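One structure below.
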Amino acid sequence: MSLTMKSPEFLIDRDDDRCINCQVCERQCANEVHYYDHDLSKMSAVDLNCVNCHRCVTLCPSKALRISKYPLEYKENYNWSAEMINNIFKQAETGGVLLTGMGNPSRKKIYWDHLLLNASQVTNPSIDPLREPMELKTFLGRKPERVEFNGEGNIVNLPPQLELGTPIMFSAMSFGSISLNASKSLARAASELNMMYNTGEGGLHQDLYQYGENTIVQVASGRFGVHKEYLNAGTAIEIKIGQGAKPGIGGHLPGEKVGEEVSRTRMIPQGTDALSPAPHHDIYSIEDLRQLIYALKEATVYAKPVSVKISAVHNVAAIASGIASAGADIIAVDGYRGGTGAAPTMIRDNVGIPIELALAAVDDRLREEGLRNQVSLVVGGSIRNSADIVKAIALGADAVYIGSAALIAMGCHLCQKCYTGKCNWGIATQRADLVKRLNPEIGVERLKNLVKGWSHEIKEMLGGMGINAIESLRGNRLMLRGIDLNPNELEILGIKHAGE
Amino acid sequence: MVEIDAQGIHYRDLNQRVRRLIGQGKREFNLINVNGQRYIGDGLASSVRMEINGTPGNDLAAFASGVEITVHGNVQDGVANTLNDGKLIVHGHAGDILGYGMRGGQVYIKGKVGYRVGIHMKGYREQEPVIIIGGTAGDFLGEYMAGGKIILLGLNRIRDEALVGNHLAVGMHGGVIYLRGEVEPNKLGREVRPEKLGQDDWDDLERLLADYCREFDFSLKEIISADFWKLIPVSSRPYGKIYAY
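Protein chains in written order, with our numbering: chain A, 28 to 527; chain B, -7 to 237.
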C-alpha cells in the first residue's frame, strides 16, 4: 500500500486537566478514534478516523472533549476546495465511486429561506390556537368530482383516504438502512400521533405489523419482503420510483448489513447484497406504471390508496401529471436535498431540483389539467422546521414527509457516514452493540415531542394569518412573498415579491 | 368447479366476481373466453385452482401466494410478478418480464418467452422459485437473479434459431440457470460463469423436469439426453467493491 494522502477532517481536542481517563469515549466510538496510551498513561486519539458524530463529546462525563475542523489548509483556491482535493486523493487510492450519506449539504439556494409568511393586521383578526379551535386534520387520497350520499347521509363514493392528525408523515426509511430500534421508534410514534411512517423497501418486520394502521408499505424495484400479507398490512401502498438523494439510480444494501433479522424481513439470504435495480423493469411508460398501480389495487381489493414516489427532476410536472392520469391516489415528490443511507456523492449533490420549485410546478400543472382533486401531493427533501411545512402547504402540498428531521430527533448528528454501518447513535447501523444505544422508548418520546412542537407552531402561524384550518392554507400562495428572488423564480413559485 | 364466461367482461368485474365466489367458499374455477383481461389471480392465496381458456392479460397471478393456474393458450407480460408461491402451467408462449421478483412457486411455459424473464428472482429459505421454459428466451434472461432456478430447454427450434438472447444473467448474484445447449460467451453477463453439471445438478434437474414433462406430456428421457450447461454467479456480491470509503 502506497502512502495515503488523506488528511483528517476533524481535530480531537482533549483537555488533559479535565480528562479522568475513564475511557468512555473509547468504548463509545465505533470508528476507533480514542485509545488509552499505556506508555503515556493517558487517552489519545486517531484524528483521521473521526467523523464528528459527537457521541464522545456528548457522553464524556467531565466534558473534556472538543472537536473542531482540522486546521489543515491547502493553498487558497476558490476552484479547488479542500473537499475536491481530498475526494481525488480518496479515489486515486481506491478507484471507487465516492459514497456519502444523508442529504445534499452543498451551498445552493434554499428557497424555503426566501419565502416569507403573511399575518393578519387590523382587517382580518388573527386567531389564538390556545383558546380557539384549529384544525390540522388532513386526508390523503383521491377526492371524487362530486359526492354522493346514501339514506343515512354517509358519502358512498369516497375512495380510500389516509387520515392524518397533522400534515406530517415519516418518510420512507427501510429496516436495513436504519436499525430495528429506529424503525420501532418511528412506527410507534406514528401510531401514537395518528400519522404515518413508511417502511421503505425493507419489508415489514414482524414486530411492526401491530402498527399497520399507521404504516405505508413500499414496493420498489427489488420487491424486498413484498408479499400479500405485507401489502395488506399497511393503510396505503407506495410505489417507489425514485428518491431525491439519488434520482435515476437504484440502491445497494451491502451484505454486511443483511443479518438474521434483515434477512428475514427482506426475505433474502443472509450476507447477500440487496440490490434494487435503478428502474422497475416492468415500468417503461405511464401505461406500465398504471399497470403496477392497478395490480396493487387488485391485490388489495381497492381498499388502500396507492402512492407513487418520484424524485424532483427537470420534467417533474409532466411526470406528475402522468402519474395522476395513471390512477395514483397520492404523488410523493422528493427534492434534491432529500436524505439517504447511502448515495454516490456526485449524484446526490448534482442531480435533481429543489423541492420548492418542483412543488409549485407540479401543483400548477395538476390544476391546469383539472387533475388536482384526483391526487394528494406530498413533498419531502428537505423539510427542516414547521415554517417549511407551512410554506410547502401554501405552495400547494397536502402534507410533507420528514426523514432527516426525524432521525435528528432520535439523535442523528448528521455526520453523513450512514453507509459505513458504524452509526454511534444506533440509528443507521445493524451492529447489535450500537443498535441497543437507541432506546425505542426514548426515540418515541423524542419523535412525539418534535411533531407536537411543530404542530403547535403550525397552528400559531395559521392563527397569525387568520386561518383556522390547514385546508384553507392549501395552495393559498397569497400567504407567501418572496425575498431575494428574481422574476423567473417568482413566476415559477407563483408568488409576489415582498412589498408587492 | 365454477365456470365463468369472460366474454366481454372488464377485468375489474371479472376479478371481483372470482373474489366474491372465493368468499362464498368456491375454490375451483374454469374461465372461458378470456381475452386480455388483466390481473387474473392477483393476490390470491393458496387452495384456489383455476383453468383459463383463452389469453389472459398482463400481470396474471401477480403478488399471489399459492394459487394454481393452468392456461390453455398464451399469456402476456408480467406473469407471476412477485409471486410468493403457487403453480402456473402455460400451454403456449409467454411475453416479457415473466416472474419479476418471484420468490417461490413454479412457472412452466410450454413455448417461448420474451425479454427480461426471471429478473430479480430470489430464493428464501425453503422457498425456491422455478421457471421452466420449453422454447427459447429473449434478452436479459435472469438479470439481477438472486435465487431460484431457471431452466431453458429450447425445444422445437427452427433451423438456427438462438436458444437465448443477449445479456444473459447480467448482474446475477444468486440461484442457477440450466441451459439445454451451449451459449456463446459473448452473450453472457460478466457476473456469471458456465459450468458442466455435477451429479447434484442432474438429480435436481431430473426431479424438476419430471414434473414439467408430466404436465406437457413431454419425454423426460429425450429432454435430458441432451447436453446441459449451468450458469452460476461468480460472486454473491457483484458490486461489493465499487465504492471509495
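Glycine included, every Cβ here is placed at the ideal spot set by N, Cα and C.
The model shown is predicted, which means the values in this text are computed figures rather than measured ones.
- Between the stretch 164 to 173 of chain B and the stretch 221 to 235 of chain B there are three or more inter-stretch CB-CB distances shorter than 8 Å, so the stretches are counted as touching.
- Residues of the stretch 103 to 121 of chain B that bring their beta carbon within less than 7 Å of a beta carbon in chain A comprise Arg108, Ile111, His112, Lys114, Tyr116, in sequence order.
- Within the model, the alpha-carbon separation for A:Cys52 versus A:Cys83 is close to 5 Å.
- Taken in chain order, the complete beta strand (DSSP E) segments of 3 residues or longer contained in the stretch 426 to 507 of chain A are 426 to 429.
- Assignment of beta-bridge partners to A:Ile243 by DSSP yields A:Asn225, A:Ala263.
- Proximity of chain B to A:Thr121 at the Cβ level (cut-off 7 Å) is accounted for by Ala236, in chain order.
- Leaving aside the five residues that flank A:Lys444 on each side, the residues in its chain whose CB is nearer than 7 Å to its CB run, in chain order, Val78, Gly128.
- Taking a 10 Å sphere around the C-beta of A:Met373, we find fewer than 16 other C-beta atoms and assign the residue as exposed.
- As a beta-bridge residue in DSSP terms, B:Asp77 pairs with B:Ser57.
- The stretch 115 to 196 of chain A is shown to contain whole beta strand (DSSP E) runs of 3 or more residues at 124 to 127, 142 to 144, 165 to 167, 189 to 191, in chain order.
- For B:Gly15, the enclosing alpha helix (DSSP H) has its first and last residue at 3 to 15.
- In this structure, the alpha-carbon of A:Val340 lies about 49 Å from that of A:Ser89.
- Assigned with DSSP and collapsed to three states, B:Phe210 falls in coil, not helix or strand.
- Sorting A:Ala419, A:Gly368, A:Glu100 by C-alpha distance to the C-alpha of A:Asp140 places A:Ala419 at the top.
- For the stretch 301 to 321 of chain A, the residues whose beta carbon sits under 7 Å from a beta carbon of chain B are, in order, Leu302, Pro304, His308, Asp309, Gln318, Tyr321.
- Taking A:Val333 as the centre and dropping the five residues before and after it, the same chain places the C-beta of Ala263, Ile264, Glu265, Ile266, Ile320, Leu323, Lys324, Gly354, Ala355, Asp356, Ile357 closer than 8 Å to its C-beta, in chain order.
- Under the 8 Å criterion on CB atoms, A:His81 is classed as non-interfacial with respect to chain B.
- A straight-line Cα-Cα distance of about 13 Å links A:Glu484 and A:Glu162.
- Contact annotation: the stretch 123 to 142 of chain B touches the stretch 95 to 114 of chain B, with at least three C-beta pairs closer than 8 Å.
- Rounded to whole angstroms, the separation of the alpha carbons of A:Ala455 and A:Thr299 is 18 Å.
- For A:Gln55, the uninterrupted alpha helix (DSSP H) segment begins and ends at 51 to 55.
- One alpha carbon belongs to A:Ile519, the other to A:Arg411, and they sit about 22 Å apart.
- For the stretch 31 to 49 of chain B, the residues whose beta carbon sits under 8 Å from a beta carbon of chain A are, in order, Tyr31, Asp34, Gly35, Ala37.
- Under the three-state reduction of DSSP output, B:Tyr170 falls in the strand class.
- Note that the C-beta distance between B:Asn45 and B:Ile24 is below 8 Å.
- Under the criterion of beta carbons closer than 8 Å, B:Ala54 and B:Asn73 qualify as touching, at roughly 4 Å.
- At least one CB of chain B lies nearer than 8 Å to the CB of A:Gly249.
- If you draw a straight line from the Cα of A:Gly368 to the Cα of A:Gly453, it is about 13 Å long.
- When secondary structure is reduced to three states using DSSP, A:Arg375 falls in the helix class.
- Using a Cβ-Cβ distance cut-off of 8 Å, the stretch 199 to 210 of chain A and the stretch 289 to 297 of chain A are in contact, since at least three pairs of beta carbons, one from each stretch, lie closer than that value.
- Contact with chain A is absent for B:His159, since none of that chain's Cβ atoms lies less than 8 Å from the residue's Cβ.
- Taking 3 residues as the minimum length, the beta strand (DSSP E) runs contained wholly in the stretch 301 to 386 of chain A are 301 to 303, 333 to 338, 357 to 361, in order along the chain.
- Taking C-beta atoms as the reference points, A:Ala260 and A:Leu220 fail to come closer than 8 Å.
- Chain A has a Cβ within less than 8 Å of the Cβ of B:Gly166.
- With 16 or more other CB atoms across the displayed protein chains lying within 10 angstroms of its CB, B:Val168 is buried.
- Following the DSSP letters along the chain, one finds B:Arg185 inside the beta strand (DSSP E) bounded by residues 184 to 187.
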